[in-house]
Each structure stands twice: as C-alpha cells, then as structure tokens.
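Residue numbering for the sequence shown follows the numbering used here, starting at 1 and increasing by one per position. Note that the Cβ used here is the ideal one computed from N, Cα and C, for glycine as well. The model shown is predicted, which means the values in this text are computed figures rather than measured ones.
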Amino acid sequence: MFSTTKKTAALALMLALVLAMSLAASAQAVPPKFWGVVPQSTLGSEQFQRLGKGGVESLRIPVGWADLQPQEGGQINWGGVDEVVEKAARAGIDVLPTITGAPTWAVPTAPVPGGGGSKAPARLPVKGAAAAAWKALLAEAVGRYGPNGTFWASHPGVPVKPIRTWQIWNEPNFKFFVAKPNPAEYGKLVKLSSTALKSVDPGAQAILAGLFSQPKGARYVGVVKGKKKVFNPTNVNYYASYFLEQMYKANPGIKSKFAGVSLHPYTGSWKYLTPEIEEVRKVLTANGDGRKGLFITEIGWSSGPPSSDGSNSFAKGPAGQARELKLSFRLLRSKQRAWRIQRLYWFSVDDASGVCNFCDGSGLFGPNFTPKKSWFEFVKFTGGTA
Numbered sequence: 001m002f003s004t005t006k007k008t009a010a011l012a013l014m015l016a017l018v019l020a021m022s023l024a025a026s027a028q029a030v031p032p033k034f035w036g037v038v039p040q041s042t043l044g045s046e047q048f049q050r051l052g053k054g055g056v057e058s059l060r061i062p063v064g065w066a067d068l069q070p071q072e073g074g075q076i077n078w079g080g081v082d083e084v085v086e087k088a089a090r091a092g093i094d095v096l097p098t099i100t101g102a103p104t105w106a107v108p109t110a111p112v113p114g115g116g117g118s119k120a121p122a123r124l125p126v127k128g129a130a131a132a133a134w135k136a137l138l139a140e141a142v143g144r145y146g147p148n149g150t151f152w153a154s155h156p157g158v159p160v161k162p163i164r165t166w167q168i169w170n171e172p173n174f175k176f177f178v179a180k181p182n183p184a185e186y187g188k189l190v191k192l193s194s195t196a197l198k199s200v201d202p203g204a205q206a207i208l209a210g211l212f213s214q215p216k217g218a219r220y221v222g223v224v225k226g227k228k229k230v231f232n233p234t235n236v237n238y239y240a241s242y243f244l245e246q247m248y249k250a251n252p253g254i255k256s257k258f259a260g261v262s263l264h265p266y267t268g269s270w271k272y273l274t275p276e277i278e279e280v281r282k283v284l285t286a287n288g289d290g291r292k293g294l295f296i297t298e299i300g301w302s303s304g305p306p307s308s309d310g311s312n313s314f315a316k317g318p319a320g321q322a323r324e325l326k327l328s329f330r331l332l333r334s335k336q337r338a339w340r341i342q343r344l345y346w347f348s349v350d351d352a353s354g355v356c357n358f359c360d361g362s363g364l365f366g367p368n369f370t371p372k373k374s375w376f377e378f379v380k381f382t383g384g385t386a
C-alpha cells in the first residue's frame with residue numbers, strides 16, 4: 001500500500017501527465033501545416049531555424065513569373081526559389097508558393113486606375129501564347145518541387161518536403177495585381193492552372209488566390225427592400241464574396257478545379273473578422289461548395305504608432321499588434337471547424353518599407369530580426385519556442 005507521500009507524488013505525476021496530454025491535444029486540434037507566415041524579404045538560414053523552432057509549419061512565398069522568366073522563350077531561373085525551399089526544408093517548414101504576375105512579353109501592363117502611376121498586368125494570362133507559357137511554367141514548377149521532383153533529386157542532403165498545394169495568383173479582385181479585375185477571366189486561369197499542375201502530379205492541388213476581403217469602395221452586393229443590389233458598380237475592385245460569386249457564375253464546373261478558397265481579411269480590428277469570413281462561406285454554400293476548405297493566406301496588423309487622425313487603422317503599436325494577433329488567432333482557432341480553416345498565415349515575418357501602408361511595421365520581427373511582442377504571442381499558439 002502506498003504511503004500518503006507516495007500517493008501525493010503519484011497524484012501529482014498523473015495530473016502532470018493529464019495536463020501534458022491536454023496541451024498536446026490542444027496543439028493538434030488544428031490541421032497539419034496550419035500555422036504559417038509570409039516573409040517580405042530574403043531570410044537567412046538562422047532566421048529559418050528560429051521560425052521552425054517557433055512552431056512555424058508553412059511559409060507562403062510569392063513566386064513572380066516576371067522575375068523567373070524576363071525574356072520570352074528564356075530559361076526559367078529557379079535559383080531564388082531553390083534557396084527558399086532548401087532553407088525551409090532544413091528548418092522543417094513546408095512551402096506554399098503563390099504563382100503570380102506576368103512578364104511584359106506575355107501580358108502587357110496597364111496603368112492602375114487611381115494608382116498614382118502604378119502599373120499592373122492588363123489582364124490574366126488565359127489566352128494564346130500567354131496561356132501556353134503560363135501552363136509550361138506551372139508544369140516545370142511541379143516537376144521541380146513536387147513528388148520525385150528534380151530539385152529533391154539534385155539536393156540529396158535536404159529533407160524531402162514535396163510541394164503539393166499551389167496558390168494561383170494574388171488578390172485578383174484588387175487592381176494592384178491585375179489592372180482590371182475580372183472574375184470570369186480568373187476562373188479560366190484556375191481551370192487551365194489545375195490542368196497544368198495535374199498533368200505532372202495528379203495529386204497536386206490548386207487553391208484560389210488570396211482575395212482581399214473588402215477593398216475600400218469596391219463593388220459588393222447588398223439587400224435593399226428584400227432585393228439584391230450591386231453597390232459601387234463602376235469601381236474596378238470587388239469584395240471577395242462578390243468576386244467569388246461571379247467567378248462561379250461565369251465558370252460552370254469550376255468546383256472540381258480547386259481545393260480551397262483563400263482570403264485576406266484585413267480589417268481595422270479582429271472584431272470585424274466574423275462577418276467577412278461568414279460572407280465568403282455563404283457564397284461557397286450557395287454554390288454547393290460548402291465543404292471546401294478556407295485558407296487565410298494573409299492576416300496582420302502593424303506595430304507602428306497609431307495615426308492620430310485615424311488614417312491608418314492597421315497601425316496599433318507593439319502591444320496593440322500583439323493583442324490583435326492574440327484575439328484574431330483565438331477566434332480563428334475556435335472557429336476552425338465551423339469555418340473549415342485549413343491554414344492561417346500571419347503577414348508578415350519582417351518589416352519592409354514602401355510596400356504598403358502598414359508593411360513597415362507588420363512583421364513579427366523588427367530590425368536585426370529582433371522579436372516583437374507579437375512573436376511571443378504567436379508561439380503561444382504554435383507551442384513552439386520563442
């Protein structure tokens with residue numbers, strides 16, 4: 001028979017085991033590759049290792065066609081992508097590539113309406129030689145980084161982490177990524193992209209581009225006196241939900257061509273996430289696609305000082321940024337099953353100036369890769385080490 005001291009020790013051990021099992025179950029309550037980040041600059045090996053130890057499971061990277069193949073008919077230069085894939089794999093991190101953009105030899109640029117002189121591809125590469133070159137790009141990417149890919153064969157010391165999920169374009173409902181957003185045209189791009197991916201890897205999956213949830217002043221559908229009405233019909237941008245609705249409408253049979261919908265629910269506060277996400281889920285359900293997964297491929301706020309005139313609602317200060325991460329992640333994790341969230345990516349790893357109105361403070365790390373308060377909140381969710 002145990003003595004009282006031994007009973008107490010045994011009870012304490014049992015409680016510790018139960019707590020450990022509970023924490024492990026909590027950490028496993030989300031799908032694999034759930035916790036992700038998006039870098040804004042080239043990261044070193046030590047930085048990748050820190051992210052891996054911090055529990056980062058997936059890294060979303062932009063793969064710009066114009067950078068890979070600036071000359072028509074030229075060889076595709078995968079060197080920069082190789083470097084990221086290798087560093088990520090060595091840190092135990094999967095890669096989600098966002099294939100986006102187009103060289104001017106394939107698609108001409110056009111001025112962005114009201115974009116202050118900025119230019120973007122005039123259209124998506126869905127016709128003629130541009131479509132053929134786009135499909136060739138995707139096929140070569142899968143042949144390089146997919147199962148039995150040439151990259152893995154030529155790097156025998158690198159842990160094999162084949163890429164099976166590919167994101168097609170970035171924010172096609174927003175004029176800075178295609179000068180005149182066109183949901184029907186985007187649906188065509190998804191269809192031909194899926195065909196190209198699966199021609200090399202039948203198990204490859206295309207997911208939709210991250211849709212900017214509600215660009216200011218964009219087209220959207222509301223209800224007035226019981227009837228649907230399109231607001232801001234002349235604006236070139238679309239709310240994500242309306243863009244998605246029109247994509248389905250213009251492309252019968254598209255459901256089988258993509259495995260998930262992606263969203264960039266940028267809001268002034270985590271409190272506004274629910275209606276934006278549920279609006280998108282309603283469109284999926286209305287089109288018989290309610291079981292499809294949702295990828296939050298960008299979400300974030302800035303640690304920059306809040307603007308006194310309220311002109312930048314994303315700037316929250318260091319403590320405010322950490323608070324928004326904590327409360328948004330808590331909500332999204334609690335709604336993971338209901339909203340079918342497959343992955344969640346914080347934008348961004350690091351700060352970068354001149355990219356967007358909050359990008360100079362959106363990082364989890366500041367200058368010299370110094371961790372911010374938000375990084376310590378991030379690892380509380382992943383179960384990693386800060």
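Assess, as a yes-or-no matter, whether the region 222 to 232 is touched by the region 186 to 194 under the definition of 3 or more beta carbon pairs within less than 8 Å.
Touching, no, given that fewer than three Cβ pairs across the two stretches are closer than 8 Å.
If contact is defined by three or more beta carbon pairs under 8 Å, each pair taking one atom from either stretch, is the region 357 to 369 in contact with the region 299 to 319?
Counting Cβ pairs under 8 Å, three or more are found: they touch.
Could you check the C-alpha separation between N77 and W65 for me, to the nearest Å?
Cα to Cα, N77 sits roughly 10 Å from W65.
For D201, does the count of other Cβ atoms within 10 angstroms reach 16, so buried, or fall short, so exposed?
Result: buried.
When the Cα of E57 is compared with those of G36, K271 and P97, which residue comes out closest?
The shortest C-alpha separation from E57 is found at G36.
What does a CB cutoff of less than 7 Å around P103 pick up in its chain, not counting 5 residues either side in sequence?
W65, A66, Q69 and P70, listed in sequence order.
Apart from the five residues just before and just after V142, which ones in its own chain have a Cβ nearer than 7 Å to its Cβ?
Result list for V142: L197, V200, D201 and A204, in chain order.
For V349, which option in N235, P31, A250 and T42 has the closest C-alpha, if you only look at C-alpha atoms?
Closest by alpha carbon: T42.
Identify every residue that forms a DSSP beta bridge with D94.
S58, per the DSSP bridge assignment.
Starting from the C-beta of R60, find all residues in its chain whose C-beta is less than 7 Å away, skip the five residues before and the five after it, and write them out in chain order.
Correct list, in chain order: G36, V38, L96, T98, T297 and Y345.
Short of 8 Å in beta carbon distance, which residues of its chain neighbour K372, apart from the five on each side in sequence? Order them along the chain.
If we look at K372 and ignore the five residues flanking it on each side, its Cβ neighbours are S303, P318, Q321, A322, G363, L364, F365 and G366.
Between which two residues does the beta strand (DSSP E) containing W346 stretch?
Looking at the DSSP string, the run of the beta strand (DSSP E) that includes W346 is I341 to F347.
With respect to 7 Å, is the separation between the Cβ of G52 and the closest non-hydrogen atom of the ligand ZN below this value?
No copy of the ligand ZN appears in this structure; indeed no ligand is present at all.
Beta-carbon within less than 6 Å of L325's beta-carbon, same chain only, minus the 5 sequence neighbours each way: which residues are those?
These residues qualify, in order along the chain: S374 and E377.
What would DSSP say about K229, mapped onto helix, strand or coil?
Correct three-state label for K229: strand.
Drop a sphere of 10 angstroms on the beta-carbon of E83, count the other beta-carbons inside from all chains shown, and report buried for 16 or more, exposed for fewer.
So E83 counts as exposed.
From V85 to P156, what does the alpha carbon distance come to, in whole angstroms?
Their backbone Cα atoms lie some 13 Å apart in a straight line.
What first and last residue would you give for the beta strand (DSSP E) that runs through W166?
Note, W166: beta strand (DSSP E), T165 to I168.
With respect to the beta strand (DSSP E) encompassing V223, which residues constitute its N-terminal and C-terminal limits?
Taken as a continuous stretch (DSSP letters only), the beta strand (DSSP E) holding V223 covers Y220 to V224.
Using a Cβ distance threshold of 8 Å, determine whether the region 121 to 128 contacts the region 153 to 167, with at least three qualifying pairs required.
These segments do not touch.
In the DSSP assignment, find the unbroken alpha helix (DSSP H) run with F151 in it and report its ends.
Residues T150 to S154.
Any contact between the region 274 to 294 and the region 334 to 344? By contact I mean 3 or more CB pairs, one from each, below 8 Å.
Touching, yes.
Can the beta-carbon of A240 be found less than 8 Å from the beta-carbon of L211?
In this structure, L211 lies closer than 8 Å to A240 by Cβ.
Could you tell me the boundaries of the alpha helix (DSSP H) in which F376 lies?
K373 to T382 is the extent of the alpha helix (DSSP H) around F376.
To the nearest angstrom, how far is the alpha carbon of K249 from that of V283?
Their backbone Cα atoms lie some 11 Å apart in a straight line.
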